[in-house]
């Protein structure tokens, strides 16, 4: 029951907000233009379903290519991070610490104050 009240309230709020925003002339003109353009595109695609299918295929191919390219870039970035971490690890292994000194003390210059 609570879910339906939320959905109903959200719908009423969105409707009232949209109607209030239409009080502005510039907003009305913008909405009218968008609706007319959407209507004419819908009519065009209804009369030319083959064009619609071609456009959908083209859009799908574009999105698939974009996702593939993005994934490749992400993998290359991860490989670069892995290589950098391996280099840092090798450098860390080559550093010899003075006897009795821990890495944290070395990083701070050896000037650590013991807790009292």
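Numbering (this note's numbering), first residue to last: 17 to 132.
Glycine is no exception: its CB is placed at the ideal position from the N, C-alpha and C atoms.
Source: prediction; values computed, not measured.
Task: Own chain, CB closer than 8 Å to residue 23, minus 5 neighbours either side, in chain order - done: As a position in the chain shown, residue 23 is number 7, starting the count at 1. Hits under 8 Å: none found.
Open item on the list: My assumption, with CB atoms under 8 Å, is that residue 35 sits in contact with residue 47. Please give the rounded CB distance.
Closed with: On the chain shown, position 19 is the one that residue 35 refers to. On the chain shown, position 31 is the one that residue 47 refers to. About 11 Å separates the two Cβ atoms, so there is no contact after all.
Open item on the list: residue 76 and residue 67 - do their beta-carbons sit closer together than 8 Å?
Closed with: Residue numbering aside, residue 67 sits at position 51 when the chain shown is read from its first letter. Residue numbering aside, residue 76 sits at position 60 when the chain shown is read from its first letter. The answer is no: Cβ separation not under 8 Å.
Task: Unbroken alpha helix (DSSP H) run spanning residue 50, endpoints - done: Mapped onto the chain shown, residue 50 falls at position 34. 41-63 is the span of the alpha helix (DSSP H), which, as asked, contains residue 50.
Task: residue 98 versus residue 106: straight-line alpha-carbon distance, rounded - done: As a first step, residue 98 must be located in the chain shown, where it is residue number 82. As a first step, residue 106 must be located in the chain shown, where it is residue number 90. Cα to Cα, residue 98 sits roughly 12 Å from residue 106.
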